[in-house]
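Following: one structure in structure tokens, then a few remarks.
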Amino acid sequence: MLIIFSWMLELSQFNQFMLDYLDPEIKLVEDVGRHILSAGGKRLRPLLMMEVCRVLGGDVERVIPLAVGIEYIHMASLLHDDVVDGAHTRRGRPSANVLFGNQAVVLGGDYFYAKALWLYANYGNLQAVEMVSRAVMHMSQSQLLELLSLGKLISEEEYFKIIDGKTGALFGASMGVGALMAESPLAEEFYQMGLKVGRAFQLIDDALDYSSSEERLGKPVGNDLREGKCTYPLLSVLDHLDKQWVLERFGRGNTEELREKVVLLGGVENTKRRAEEEIAPVLEFVGKFENSQALLQLIKGIVNRDH
Numbered sequence: 029m030l031i032i033f034s035w036m037l038e039l040s041q042f043n044q045f046m047l048d049y050l051d052p053e054i055k056l057v058e059d060v061g062r063h064i065l066s067a068g069g070k071r072l073r074p075l076l077m078m079e080v081c082r083v084l085g086g087d088v089e090r091v092i093p094l095a096v097g098i099e100y101i102h103m104a105s106l107l108h109d110d111v112v113d114g115a116h117t118r119r120g121r122p123s124a125n126v127l128f129g130n131q132a133v134v135l136g137g138d139y140f141y142a143k144a145l146w147l148y149a150n151y152g153n154l155q156a157v158e159m160v161s162r163a164v165m166h167m168s169q170s171q172l173l174e175l176l177s178l179g180k181l182i183s184e185e186e187y188f189k190i191i192d193g194k195t196g197a198l199f200g201a202s203m204g205v206g207a208l209m210a211e212s213p214l215a216e217e218f219y220q221m222g223l224k225v226g227r228a229f230q231l232i233d234d235a236l237d238y239s240s241s242e243e244r245l246g247k248p249v250g251n252d253l254r255e256g257k258c259t260y261p262l263l264s265v266l267d268h269l270d271k272q273w274v275l276e277r278f279g280r281g282n283t284e285e286l287r288e289k290v291v292l293l294g295g296v297e298n299t300k301r302r303a304e305e306e307i308a309p310v311l312e313f314v315g316k317f318e319n320s321q322a323l324l325q326l327i328k329g330i331v332n333r334d335h
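Heads up, the sequence shown is in the numbering used here, so the first residue is 29 and it goes up one at a time.
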């Protein structure tokens, strides 16, 4: 059975576009790219971009290079994240930094960022370049904020500032550029809706880190607690826990007792409920457009996923 990616494009075709546009002169860059591409992925950001463009009556074929570019940015961020986090696995396989080394992966990620901007300069317009550049700036700064917050019990406001940048901004750019390429005057509104979609996506990711399994996620569960990341499941039940007791376990080798306590107190359910609250105004906004059923299903799937 064929997997329809968007409009009349199959996922395998889109992945081939990603390899074709990459076109590096150095084989090592291609090797890194093939490795992270072959690990799979939902391609949610390019799919959102193309679906928004389609719903607004734009030319979906015109937006394909920009959809490729947005996924290059996402892939670059994953490559750099694995180096920063010292990760060993990504989607159930050895991470690129384990196979190719930190130096090659950082430089390979730089190439992905540069190629994305090249695609936007050649196939987009100045507004699209500005929107994507803004998203990358937010991503970089928020990842630094997250780094500075490791091992600390942060506030809910700080948590959302981090995830709005590291995850929400690129979802915002995906939907915003889709609207721009359809020549819609609502591009900024779609950007803001994308931010909320990104919030919901990250909230579910954070919930799954507490409640899923390594087999389903393709990476070890409980990573956030071991790395000292204070995410929404813990934040939502923190008032019911002794903070000193939490800090004695937070960011340490054995965090299983803390993870189980957060789950028992309802942290996972709280997080999923907050994700649904974030997505509700997006569904209302998108539902006003004709032929938006596929886009609505895509957005709902972001909240209802189990991996």
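By construction, the Cβ of each residue, glycine as well, lies at the ideal position given by its N, Cα and C atoms.
In this text the structure is predicted, and so the values were computed from the model without any measurement.
Run of the alpha helix (DSSP H) containing residue i, from where it starts to where it stops
i	result
residue 207	197-209
residue 183	That residue, residue 183, is in no alpha helix (DSSP H); it is neither H nor E in DSSP.
residue 310	295-314
residue 249	Residue 249 -> no alpha helix (DSSP H), and no H or E assigned at all.
residue 152	Unbroken run through residue 152: none, as it is neither H nor E.
residue 318	From DSSP, residue 318 is part of no alpha helix (DSSP H); its letter is neither H nor E.
residue 224	215-239
residue 287	284-292
Alpha carbon of residue i to alpha carbon of residue j, nearest angstrom
i	j	result
residue 198	residue 231	15 Å
residue 334	residue 139	32 Å
residue 29	residue 65	Residue placement at residue 29 is poorly supported in this model, since its pLDDT is 28, which falls under 50; the coordinates are not used for a value here.
residue 141	residue 187	26 Å
residue 31	residue 162	Bear in mind that a pLDDT of 42 at residue 31, under 50, signals an unreliable position, so the number given afterwards is only what the model happens to contain. Those two C-alpha atoms are separated by around 32 Å.
residue 281	residue 255	9 Å
residue 178	residue 46	34 Å
residue 275	residue 39	44 Å
residue 22	residue 325	In this structure the chain extends from 29 to 335, so residue 22 is not present and cannot be described.
residue 154	residue 90	16 Å
residue 41	residue 49	12 Å
residue 17	residue 257	Outside the displayed range of the chain (29 to 335) lies residue 17, so it cannot be described from this structure.
residue 206	residue 80	5 Å
residue 217	residue 200	9 Å
residue 328	residue 322	10 Å
residue 93	residue 268	49 Å
residue 293	residue 101	37 Å
residue 235	residue 284	15 Å
residue 131	residue 219	34 Å
residue 180	residue 166	21 Å
residue 119	residue 249	12 Å
residue 226	residue 192	7 Å
residue 204	residue 44	24 Å
residue 106	residue 215	26 Å
residue 253	residue 319	42 Å
residue 331	residue 228	6 Å
residue 63	residue 144	18 Å
residue 61	residue 251	25 Å
residue 304	residue 116	32 Å
Nearest-angstrom Cβ-Cβ length linking residue i and residue j, presumed shorter than 8 Å
i	j	result
residue 309	residue 224	7 Å
residue 108	residue 137	5 Å
residue 95	residue 78	5 Å
residue 76	residue 202	5 Å
residue 221	residue 86	The pair is not a contact, with the Cβ atoms about 16 Å apart (cut-off 8 Å).
residue 238	residue 277	Rounded, the Cβ-Cβ distance is 14 Å, inconsistent with contact.
residue 98	residue 73	5 Å
residue 84	residue 183	That pair is no contact at about 37 Å.
residue 111	residue 133	6 Å
Closer than 7 Å: residue i CB and nearest the ligand HEM heavy atom
i	result
residue 229	In the structure on display, the ligand HEM does not appear, and there are no ligands present to speak of.
Next on the checklist: With a threshold of 8 Å, are at least 3 pairs of Cβ atoms found where one atom belongs to the stretch 142-159 and the other to the stretch 67-75?
Outcome noted: Verdict: no, contact absent.
Checklist entry - Quick one: complete beta strand (DSSP E) runs, 3+ long, within the stretch 253-280? => result Taken in chain order, the stretch 253-280 contains no complete beta strand (DSSP E) segment of 3 residues or longer.
Checklist entry - Pairing CB atoms from the stretch 54-63 with CB atoms from the stretch 312-324, are three or more of them under 8 Å? => result Verdict: no, contact absent.
Next on the checklist: Could you check whether the stretch 289-302 touches the stretch 261-268, counting it as contact only if at least three pairs of C-beta atoms, one from each stretch, sit closer than 8 Å?
Outcome noted: Touching, yes.
Item to check | Within the stretch 50-125, ranges of the alpha helix (DSSP H) (whole runs, at least 4 residues) | outcome: List check, alpha helix (DSSP H) in window: 55-66, 72-83, 88-113.
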